[in-house]
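Trainee:
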Amino acid sequence: MRGSEAFNLPPEERISERSMQPQPAKIESDIADIKLGMREFRMDLQAANESISDLRASVATVEGKVETLHATMDSKMGALSDRVDAKLAAMLSAILLKLDENMSGIRKEMGEMRKEMSNTRKEMGDMSDRISEDGAMLKAILWTLGIGLVGAIGKAFNWI
1 MRGSEAFNLP
11 PEERISERSM
21 QPQPAKIESD
31 IADIKLGMRE
41 FRMDLQAANE
51 SISDLRASVA
61 TVEGKVETLH
71 ATMDSKMGAL
81 SDRVDAKLAA
91 MLSAILLKLD
101 ENMSGIRKEM
111 GEMRKEMSNT
121 RKEMGDMSDR
131 ISEDGAMLKA
141 ILWTLGIGLV
151 GAIGKAFNWI
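At position 24 of the sequence shown (counting the first as 1) the number is 24 in this note's numbering, and the numbers step up by one without a gap.
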C-alpha cells in the first residue's frame, strides 16, 4: 500500500477503538488457524525435504551411471582406437610391401632394358664397322669397275 492510500481507506476498514479490544474467541480461532497452517507448512516442508533427499539420491545414482558409462566409453574408444591403429598399420605395411615389390620389378626391368640398350649399341657399333668395311670394299669394287670401264672404253675407241 502506498502512503497516500492509507489515509483514503473506506470507513469500515478504519481501525476503531472497539476493534482494538481483545476478543478471546477471535484470538483463539486465529491461533488455531496459525497452528493448522504451521502443521501444514511443516508437513509440506518435510515432504519437500524428502523430495530433495530423493532427488539427491537420484542425482548420485545418475552421476554414478554417467561415470560408469564414461569409463566404459573410454575403454571401448581405446580398444576401437587400438583396432583402427592396428588395421591402418597392417594396411600401410601391405601397401609398402606391394610398393617395394613393384619397385623391385621396375628396377629389374630397367636393368634388363639397360642390358638390351647396351647390346643394341654394341650391335649398332658392329653394324657400323661392317658398313664401313663394306663401304670400303664397295669403293674398291667401284674403283675397279670404273677403271675397267675406262679401259674398255679406251680400247673401244683405240685410245689405249
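Quick reminder that beta carbons are idealized off the backbone N, C-alpha and C, glycines included.
1. Do you know how far the Cα of Gly146 is from the Cα of Asp126?
2. Quick one, are the C-beta atoms of Ile160 and Gly151 less than 8 Å apart?
3. Is Trp159 helix, strand or coil by DSSP?
4. With H, G and I counted as helix, E and B as strand and the rest as coil, what does DSSP make of Gln163?
5. Rounded to whole angstroms, what's the CA-CA distance from Pro66 to Ala25? Just pull it up for me.
6. Roughly how many angstroms lie between the CA atoms of Asp123 and Thr144, to the nearest whole one?
Mentor: Looking at the coordinates:
1. If you take the alpha carbons of Asp126 and Gly146, they lie about 29 Å apart.
2. Contact flag set, yes.
3. Here Trp159 sits in coil by DSSP.
4. Limits of the chain in this structure are 1 at one end and 160 at the other, which puts residue 163 out of reach.
5. Pro is not the amino acid found at residue 66; the sequence shown has Val there. When rounded, the distance between both Cα atoms is 60 Å.
6. Reading the sequence as shown, one finds Glu at residue 123 and not Asp. Near 31 Å, if we compare the C-alpha coordinates of Thr144 and Glu123.
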